[in-house]
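Just so it is clear: in the sequence shown, position 277 is 278 by our numbering, and no numbers are missing.
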Amino acid sequence: MIIRAASEDGGVQFLDVFFREGAFWLTDKSGWEVEVECPLDLDAEFSDKQFSVFYFSKFNLKENSIYQVVDGLSNKRIGWLIPVAALSSNLHDFSNNPHFLRYAYKAIEGALHGVSDDIYTRRPNIVDGRGLLLSDIFHENTALLVISHETLVEGVVFDFLRAVPSFARYGYFPLRESDPTSIDLLVDEPDGDKLKIYLTSNDLSENKIIESLLLSLASSAKNPVMKFFYLYQIVELLIERIFALEQRRVAQYIAAAIDDSAKVKDAIERVQSNLAEKKRLSVLVERYSKVGSDLTDLRIVCNDLLVALGMEQHPGFESYFYSIRNFIFHQYRNFPDPHLSKLDRVSEEFLKILPSMLSRFVANQDD
């Protein structure tokens, strides 16, 4: 860790952090110490337990936006999502929650230890030897995901990248070296005090690309056309994967039926039918991810936009979503301004369904 600050004597670099008498302290190479002030009554009960801390940023993050993070499949709590502002204040709903105070301890400890040049931090000014708040070091739009290793299946390491789409669905995006103010996408908060996450399927290896596309989306809130474009790039990743999988299956089918011309012909026709992008969109939602029954709200907003654009409504995802894709790709610079808000609604609804689409994806399909 290296935490940089300004002082009356110039610059200082803090290289270590320790806990003493109820507070965390930063120290530089000369041994100079500065307290990280916290108005909470931190509980060090978990001091010897293994935790991981990950950094998120969210547009217009509120101090009271504190959530227990729950695995969507097991319905088991695996950690907490805590705004930095909630660790610099006691004016929120969880300030006296015993379990929160134990996680708050691990959040501050992990956040300070994990600082690197890959994470955006401020360069606070230390005046008259006074202490620092965590919000002096991190931007107020920063949230900390605190994962307890004890809550995970034994031997399993929490794969942060696989969780990113579930957090993006609520407007939380991985914090990188850029100023969090570059993210301007406003998304509704979860209902209640729990945030459910669904990890992307083990059958998908494109998680880093998906993260990059979602970060680009997060910085494009004022451009609805680009928001849709970035989301559709994720869809294209999936249908390209489907094309490769279908080709492999057909090749295996042909090899097994090489002496049966009728079966070979059937296999060739099958791969030809799956060349079409619309067909792959259909098998994505109906076979590979099986989210077809969850698309009602998306279908409504897509058809609402199509009607506004003077186009035909469609019942199937492969038609209504692809029609919007075609219109945008051919009318990128001329999308009608009065209908941008409707396009925004399409992206919002698709972002909601994306975690399920990615988590349920199964590569091995039965004939």
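Virtual Cβ for every residue (Gly too), placed ideally from N, Cα, C.
Nearest to residue i (by Cα), restricted to the options the options
{"i": "L352", "options": "A263, L218, V37", "result": "L218"}
{"i": "L214", "options": "M227, K223, S202", "result": "M227"}
{"i": "L196", "options": "K63, W81, L16, M312", "result": "W81"}
{"i": "D94", "options": "Y199, Y68, Q51, L153", "result": "Y68"}
{"i": "V363", "options": "I240, L145, T143, T152", "result": "I240"}
{"i": "L145", "options": "V116, T297, R163, V13", "result": "V116"}
{"i": "R361", "options": "I211, D260, L200", "result": "L200"}
{"i": "S149", "options": "K77, P125, N97", "result": "K77"}
{"i": "L355", "options": "L238, I269, N65", "result": "L238"}
{"i": "D29", "options": "F15, R242, R21", "result": "F15"}
{"i": "Q234", "options": "L216, Y171, E270", "result": "L216"}
{"i": "D17", "options": "D10, E34, G11", "result": "E34"}
{"i": "A45", "options": "A309, N365, F101, F330", "result": "F101"}
{"i": "Y121", "options": "S183, S31, V158", "result": "S183"}
{"i": "E151", "options": "S348, Q51, G317", "result": "Q51"}
Beta-bridge pairing of residue i - partner residues as DSSP gives them
{"i": "I83", "result": "L145"}
{"i": "F174", "result": "S58"}
{"i": "D44", "result": "The partner list for D44 (beta bridge, DSSP) is empty, contrary to what the question assumes."}
{"i": "D72", "result": "K77, I198"}
{"i": "V13", "result": "A6"}
Backbone secondary structure at residue i - three-state DSSP
{"i": "V1", "result": "An answer regarding residue 1 cannot be provided, because it is not within the stretch 2 to 368 covered by the chain."}
{"i": "F25", "result": "strand"}
{"i": "F362", "result": "coil"}
{"i": "G132", "result": "coil"}
{"i": "R250", "result": "helix"}
{"i": "V35", "result": "strand"}
{"i": "G111", "result": "helix"}
{"i": "I354", "result": "helix"}
{"i": "S8", "result": "strand"}
{"i": "S66", "result": "coil"}
{"i": "N304", "result": "helix"}
{"i": "S221", "result": "coil"}
Cβ-heavy atom distance, residue i to the ligand FMN, below 6 Å
{"i": "L176", "result": "The ligand content of the structure shown is nil, which means the ligand FMN is not present either."}
Buried/exposed call for residue i, threshold 16 Cβ in 10 Å
{"i": "P166", "result": "buried"}
{"i": "F229", "result": "buried"}
{"i": "K343", "result": "buried"}
{"i": "P339", "result": "exposed"}
{"i": "V128", "result": "exposed"}
{"i": "N304", "result": "buried"}
{"i": "K209", "result": "exposed"}
{"i": "S206", "result": "exposed"}
{"i": "E110", "result": "buried"}
{"i": "V154", "result": "exposed"}
{"i": "E212", "result": "buried"}
{"i": "T143", "result": "buried"}
**Q.** Cβ contact (3+ pairs, closer than 8 Å) linking the segment 54 to 74 and the segment 126 to 134
**A.** no
Q. When the Cβ atoms of the segment 77 to 94 are set against those of the segment 9 to 25, are three or more pairs found closer than 8 Å?
A. no
Q) Quick check: the segment 185 to 204 against the segment 135 to 145, are there 3 or more CB pairs under 8 Å? A) no
Q.
Would you call the segment 30 to 46 in contact with the segment 104 to 120, where contact means no fewer than 3 C-beta pairs closer than 8 Å?
A. yes
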